Each structure stands twice: as C-alpha cells, then as structure tokens.
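To start, the structure under review is shown below, and the notes come after it.
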Amino acid sequence: MTDPRDDSSPAEPAAPAEQRVRIRRAPKLSVFMGLGAIVGVLVSLILTSTQKADPSVGFAATAGYFAIYGVTLGVLVGAIVGLIADRVSRRRAHYVVVEHEVVDLPDEADEEPALDATAASATPTSAEIEPGTQADPASGTEPAADSGDEPRSR
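Going letter by letter, the sequence shown gives residues 11 to 164 in the working numbering.
Here you go:
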C-alpha cells in the first residue's frame, strides 16, 4: 500500500514569487521608555536637592518619594517621544520588491567527510584521558595516572 502523500518524484521548482515589502528603521520603544525613566529620576533628584528638605522627614525619603513621580513621568514622556520617532520612521520608509525562493539543502549525511585511519590524530582526546592526568602535547603520549593520595607539585 502506498502513501498518497509520499511523492518520491522530484518536484519542479516553482517560479520565485515577487512581493513588495516596506523597509524602515523602527525605533525600540522600550529604550525610549528606559531612558525616560532615568532622566525622570535625575530631574527629580535635581529638583529635590534645590529645595530645603524637611528635617523630620529627611532628604532621602523626600527624594525617593519624588523619584516615583519622576520615573512615571519620564516613562510617559519617553513613550511619547518613541511613538513620535516611530511615526517619523514610517514616513521615511521605502518599498522594495523581493523574490522568495525555496532552496533545498542536501542531506547532512552526504556532507560529512569520511575519516580514514591516517586522518586520526596521535594525541589523545579529552575523552580518552583519565581524570587526574594531563596529556603532554609535545610527546603525543598520555602520562601515567596519579594515585590521587599525594598532592601534586608543579
């Protein structure tokens, strides 16, 4: 019984489909919002430090309180600036025509080179070296394994 979905005959390549796409540089809104939050904190710290702090509350508590408002307003202003930059990038967008081609890659089994006996390396690999030993790349041989009871000196 043959599977009707099994199509062993090679299919003819379809003609590349042309499509019109818009290319533009879109700004990342999260970057604008993050920078707005940083600027909001800095502005609130500057404005708080220019005023005399209440001795019963302290400068740190007052600055922290106003930093909450600074971050909120900074994120809002950053988002607005980001949306304006996005609108400008849409106006500067240009259209191009692209072709979509499907390329069949060869099987991976066909791509692997065959290893013969002469291509094998004389030095042992890390999998062949026992734990606690070091390979000497100059000699190409593996040193004797340590017993592990004595500390090694270098």
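By construction, the Cβ of each residue, glycine as well, lies at the ideal position given by its N, Cα and C atoms.
Predicted model, so just to flag it, every value in this text is computed and none were measured.
Quick one: measure Cβ to Cβ for residue i and residue j, integer angstroms, because I've assumed they're closer than 8 Å.
i, j, result
"V51", "A77", "5 Å"
"A27", "H110", "5 Å"
"V107", "R30", "5 Å"
Measuring alpha carbon to alpha carbon, tell me which of the options ends up nearest residue i.
i, options, result
"S40", "V98, V81 and G88", "G88"
"D82", "G68, S66 and G44", "The sequence given here has Thr at residue 82, not Asp. For T82, the nearest C-alpha among the options comes from G44."
Could you compute how far the alpha carbon of residue i sits from the alpha carbon of residue j?
i, j, result
"H104", "A36", "13 Å"
"L93", "F42", "9 Å"
"E152", "P116", "Because the pLDDT of E152 is 49, which lies under 50, any placement of that residue in the model is unreliable, and the number read from its coordinates should be weighed accordingly. Rounded to whole angstroms, E152 to P116 spans 40 Å at the Cα level."
"A73", "G84", "15 Å"
"D64", "L55", "15 Å"
"Y75", "A95", "31 Å"
"G68", "L86", "28 Å"
"S136", "A71", "The pLDDT assigned to S136 is 48, lower than 50, so where the model puts this residue is not dependable; a value taken from the coordinates is nonetheless given after this. So the two alpha carbons sit approximately 59 Å from each other."
"R32", "S66", "60 Å"
Do residue j and residue i count as a contact pair if the criterion is CB distance below 8 Å?
i, j, result
"G80", "V53", "yes"
Review point. For the 8 Å Cβ check, are there 3 or more pairs between the region 95-112 and the region 49-68?
Key: Segments in contact, no.
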